[in-house]
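*Asks:*
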Amino acid sequence: MDLYLLLLLACPAVMGVMMWMMMRPSGSRFDSQDREEITQLRSEVDELRAQQPEGNERHTDHAQR
30 MDLYLLLLLA
40 CPAVMGVMMW
50 MMMRPSGSRF
60 DSQDREEITQ
70 LRSEVDELRA
80 QQPEGNERHT
90 DHAQR
């Protein structure tokens, strides 16, 4: 019976700790190398968009920067 009670109480306690750890700010999400790659990819996307013919653009619902 004691083991059952221990397991019953441990589950919500562990869940609370996991939720607390997930909600903590983890600092910078991207390091400088990631930011450089994102900048490079954005410029590549801009170049590709500029190469598209005017009447052949696809309209997407992607968020603009």
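Position one of the sequence shown corresponds to residue 30 (my numbering), numbered consecutively onward.
All residues carry an ideal CB built from backbone N, CA and C; glycine is no exception.
Which of the three DSSP states is assigned to residue 53 in this structure?
*Replies:* Numbered from 1 along the sequence shown, position 24 holds the residue referred to as residue 53. Residue state, collapsed to three classes: coil.
*Asks:* Using DSSP with H/G/I as helix, E/B as strand and the rest coil, what is residue 81?
*Replies:* To locate residue 81, count along the sequence shown from 1; it is residue 52. The answer is coil: DSSP assigns residue 81 none of H, G, I, E or B.
*Asks:* Using only the alpha-carbon positions, how far apart do residue 76 and residue 54 sit?
*Replies:* By 1-based counting over the sequence shown, the position of residue 76 is 47. By 1-based counting over the sequence shown, the position of residue 54 is 25. Their backbone Cα atoms lie some 35 Å apart in a straight line.
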